[in-house]
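Protein chains in written order, with this note's numbering: chain A, 143 to 407; chain B, 7 to 419.
We put the CB at the ideal spot given by N, CA and C, even for glycine.
The model shown is predicted, which means the values in this text are computed figures rather than measured ones.
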Amino acid sequence: MQVLARHNVAVSGVEGAPVIVFAHGFGCDQNMWRLVVPAFEADFQVVVFDYVGAGGSDLAAYDRDKYASLAGYASDVIEIVEHLDRAPVTFVGHSVSTMIGVLASIERPELFDRLVLLGPSARYIDDGDYVGGFSSADIDELLESMDSNYLGWSHAIAPAIMGNEEQPALAAELDESFCRTDPDIARRFAAATFLADNRADLPRVSVPTLVLQCRNDAIAPLSAGQYVRDHVPGATFGQLDASGHCPHLSAPAETAAAIGEFVRA
Amino acid sequence: MTQRLEGLPADVLCGYLEVGDDGVVTSANDEFLRIVDRPHDEVVGAVSLSSLLAVGDRIYLETHFRPTLQLHGEVREIAMELVRPDGTKVPVLVSADMALGKGGQFMRTVVFEARDRRRYEQELLRARRAAEEAEGRARRLAQTLQQTFVPALVPDIPGLEVVGAYRPAGDGSEVGGDFYDVFQLHSGEWVVAVGDVCGKGVEAAVVTTFVRQSLRALAVQWDDPSQIIRALNTAMLQHGTDRFCTLVVLRLLKEDDDWLVTISSGGHPLPLLTTADGEISEVGASGSLVGVLAQPGLADARYVVGVGDSIVIFTDGVTEARGEAGSFGLEGVLGVLEAGVTSAGDLTDNLLQQVLDFQAGEARDDIAIVSIRVQDDADEAPAPAPRADVEAKDRALRALQELQELERLDEAE
Chain A
143 MQVLARHNVA VSGVEGAPVI VFAHGFGCDQ NMWRLVVPAF EADFQVVVFD
193 YVGAGGSDLA AYDRDKYASL AGYASDVIEI VEHLDRAPVT FVGHSVSTMI
243 GVLASIERPE LFDRLVLLGP SARYIDDGDY VGGFSSADID ELLESMDSNY
293 LGWSHAIAPA IMGNEEQPAL AAELDESFCR TDPDIARRFA AATFLADNRA
343 DLPRVSVPTL VLQCRNDAIA PLSAGQYVRD HVPGATFGQL DASGHCPHLS
393 APAETAAAIG EFVRA
Chain B
7 MTQRLEGLPA DVLCGYLEVG DDGVVTSAND EFLRIVDRPH DEVVGAVSLS
57 SLLAVGDRIY LETHFRPTLQ LHGEVREIAM ELVRPDGTKV PVLVSADMAL
107 GKGGQFMRTV VFEARDRRRY EQELLRARRA AEEAEGRARR LAQTLQQTFV
157 PALVPDIPGL EVVGAYRPAG DGSEVGGDFY DVFQLHSGEW VVAVGDVCGK
207 GVEAAVVTTF VRQSLRALAV QWDDPSQIIR ALNTAMLQHG TDRFCTLVVL
257 RLLKEDDDWL VTISSGGHPL PLLTTADGEI SEVGASGSLV GVLAQPGLAD
307 ARYVVGVGDS IVIFTDGVTE ARGEAGSFGL EGVLGVLEAG VTSAGDLTDN
357 LLQQVLDFQA GEARDDIAIV SIRVQDDADE APAPAPRADV EAKDRALRAL
407 QELQELERLD EAE
């Protein structure tokens, strides 16, 4: 029970049906999946959660050393799946969660029967012929700007959430913590995310995998998605028409359909 | 009557742009073009908003800004930086909402230049960081100092179980004045002392360290606890501090299975003796506060303590602990003792736990407790390794260095 509370785990859908776990990326929290989840609630047991440091997670459980690398987050995913006691499960990860899912599935392949990687990047920083989309200097600037734009990262979003009087229903529906992050934790998560290099892990994935790529994704460019497709053994590739980094928000129907086709096959 | 505006005046001092579903800028006014320092044709229909932002904000746009916009329909007052062709960055505040046009949804974005506000924020941020750092330094100093108030390791005394506990008040960020010490004399006798320097803060901490170190030196020169306390009284008066302390000193000498215990108190709550058959009594001779009078009244009381007997010594953080049920008082201590004493470790732990529970976990004052219990020769522990003193000295030295640094900083300000 402790693990479920630590990650603010929410379960919906059909009890006893196959389990599908949706994992949010760097930035917000499980609410990112709210437009996609309903498409799976009729024939799956749907699980969403917050990483420690995000959304409604237990901030007291934040451990700088553990979460200095993606392996720490992957061990949490393993713990959550173990606690659900319904393995193997389908894991759908967005953004950095794609590599967290990859690491978890390598560590404990028996817990996962499918991986869906939405907007994956095995490395954000360019390296020789590899195009991750960012230079090393870019990422340094990002981490530095998170320091100097401390107020922006911590509280800028809050007024929009609290004071959305024209859409009180929506505002009430959303967790107030949506997108609000402790700036210190956000910076550490950013470092763990954008400095990671998981290219060598990709060939070790043994679970059927779908790679979903968006158009014009400023965070994970096409080249990054193609690299993942080419290096995860037997991976299926799907090109979404949606643009941007968050198709589960901008084009939830298309995203749900693409995930559904793979996980229901 | 309000008039519906057809569009923004071209020369209004507010940047305005529209961004299509694919992220590309589809329209921009003069003020926005001025802020980004680019001609119309190099912006409109040519670049994405993302590409005009500093890289940190580009990621922020994708991971925070757009998700919120998509879920709420609007975002307000987001601090970002636009990058000019020459690389200079212009701090701006951005608000945006979603609107429906002929080509589908688009983002209506308003941009204000915010150089002064950003400078002000940076100042605030610097001040906040400095405050956080100072707070952290003070807390570390408090903790380091507090570690010097008690021995790192209570030495193993053959035939005697001695267990001490110390809890600072509140969250431990403020230094108090409770301390205890356990050490052996050349004669083979042992000294146990528990005391409380009045007040809190760095100055009280300095006096506490002084008292604890002086005690060790004076215990070598003087035999009876009352003489040791009297000498400490003189030392404190000479030290010039206007702080005083309360203190109880026990001198213990092993004689066959028994221990001869001499106890003197300088204004401190008297220790409680619990005999093997459960009888409880105050022990020690009461005397004056230490560091106040030139001629303090002090005396000694002597006892023979046998196997199974125990003595508990504590500070007023125990008896004066306050909770919903009033004050813990001597009654609280007696309650713990009446429940039976099986070991010094249990006695110390139980008493500490009950005092903390009584105050709902948040101690208002420092707490120091030392319990002693005479053991059978059969369960004697091996002789101690004399490491504790070296570590304690190291820590005291480190604390002193931090203190000096803090004082230098204070003076600099």
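Other residues of its chain near residue i: CB distance less than 7 Å, five sequence neighbours each side excluded
i	result
residue 348/A	251
residue 91/B	43 and 44
residue 28/B	none
residue 360/B	338 and 342
residue 204/A	194, 195 and 327
residue 205/B	183 and 249
residue 71/B	81 and 84
residue 236/B	302 and 304
residue 114/B	24, 102, 103 and 105
residue 310/B	264 and 266
residue 226/A	161 and 189
residue 64/B	56
Whether residue i touches residue j by CB criterion (9 Å)
i	j	result
residue 171/A	residue 241/A	no
residue 237/A	residue 164/A	no
residue 379/A	residue 405/A	no
residue 181/A	residue 395/A	yes
residue 199/B	residue 184/B	no
residue 314/B	residue 281/B	yes
residue 199/A	residue 192/A	yes
residue 350/B	residue 294/B	no
residue 212/B	residue 251/B	no
residue 360/A	residue 275/A	yes
residue 249/A	residue 62/B	no
residue 37/B	residue 117/B	yes
residue 346/A	residue 209/A	no
residue 238/B	residue 224/B	yes
residue 54/B	residue 89/B	no
residue 208/B	residue 147/B	yes
residue 177/A	residue 391/A	yes
Sequence-distant residues of its chain with Cβ nearer than 8 Å to residue i (five each side left out)
i	result
residue 311/A	Its pLDDT being 41, under 50, residue 311/A is placed unreliably by the model, and the measurement read from it follows with that caveat. Cβ within range, chain order: n/a, list empty.
residue 325/B	275, 333, 334, 335, 336, 338 and 339
residue 211/A	334 and 338
residue 284/B	344 and 346
Under 8 Å by beta carbon: chain A residues contacting residue i
i	result
residue 27/B	385 and 392
residue 106/B	Result: empty, since nearest Cβ-Cβ is about 14 Å, beyond 8 Å.
residue 143/B	Going along chain A, no residue has its Cβ under 8 Å from residue 143/B, so there is no contact; the nearest lies around 18 Å.
residue 73/B	169, 170, 174, 321, 388 and 391
Neighbourhood of residue i by C-beta, 6 Å cutoff - its chain only, sequence neighbours within 5 removed
i	result
residue 358/A	385
residue 393/A	384
residue 377/A	351, 353 and 371
residue 188/A	154, 155, 162, 179 and 182
residue 424/B	The question about residue 424/B has no answer here: the residues shown for chain B are numbered 7 through 419.
residue 296/A	Because the pLDDT of residue 296/A is 48, which lies under 50, any placement of that residue in the model is unreliable, and the number read from its coordinates should be weighed accordingly. 325.
residue 233/A	163, 243, 254 and 257
Nearest-angstrom beta carbon gap, residue j and residue i [assumed within contact, 8 Å]
i	j	result
residue 244/A	residue 340/A	6 Å
residue 343/B	residue 266/B	About 22 Å separates the two Cβ atoms, so there is no contact after all.
residue 375/B	residue 318/B	7 Å
residue 323/B	residue 291/B	The Cβ separation is near 23 Å, so there is no contact.
residue 120/B	residue 287/A	No, residue 120/B and residue 287/A are not in contact; Cβ-Cβ is about 15 Å, not under 8 Å.
residue 169/B	residue 354/B	4 Å
residue 371/B	residue 175/B	5 Å
residue 297/B	residue 243/B	6 Å
residue 401/A	residue 258/A	5 Å
residue 201/B	residue 253/B	4 Å
Within chain A, partners of residue i - CB distance below 7 Å
i	result
residue 65/B	284 and 361
residue 173/B	Per Cβ cutoff of 7 Å: no residues; residue 173/B is ~21 Å from chain A at best.
Chain B contact residues for residue i, given Cβ-Cβ distances below 7 Å
i	result
residue 241/A	Result: empty, since nearest Cβ-Cβ is about 15 Å, beyond 7 Å.
residue 168/A	69
residue 280/A	61
residue 150/A	What residue 150/A touches in chain B: nothing, since even the nearest Cβ is about 18 Å away.
Residue i: CB within 8 Å of a non-hydrogen atom of the ligand FAD
i	result
residue 354/A	Of ligands this structure carries none, so the ligand FAD is not represented either.
Proximal chain B residues relative to residue i, where beta-carbon distance stays under 8 Å
i	result
residue 287/A	60, 61, 62, 63 and 87
Partners in chain A for residue i, counting only beta-carbon separations shorter than 9 Å
i	result
residue 23/B	The contacting residues do not exist; residue 23/B stays about 17 Å from chain A at best.
residue 353/B	Ordered by position in chain A, no residue passes the 9 Å Cβ test against residue 353/B, which lies about 32 Å from the chain.
- request: Ignoring anything shorter than 3 residues or poking outside the segment 63-106 of chain B, list the beta strand (DSSP E) runs there in chain order.
  value: As summarised for the segment 63-106 of chain B, the continuous beta strand (DSSP E) elements at least 3 residues long and confined to that stretch are 80-89, given in chain order.
field: 3-residue-minimum beta strand (DSSP E) runs that sit fully inside the segment 296-361 of chain B, ordered along the chain
entry: You should have 307-311 and 316-320.
field: Every unbroken beta strand (DSSP E) within the segment 316-403 of chain A, with a cutoff of 3 residues, ordered by chain
entry: Listed in chain order, the complete beta strand (DSSP E) runs (minimum 3 residues) inside the segment 316-403 of chain A are 351-357 and 378-385.
- prompt: At which residue ranges does the segment 227-260 of chain A contain complete alpha helix (DSSP H) runs of 4 or more residues, listed in the order of the chain?
  reply: If we require 4 residues or more, the alpha helix (DSSP H) runs fully inside the segment 227-260 of chain A come out as 238-249.
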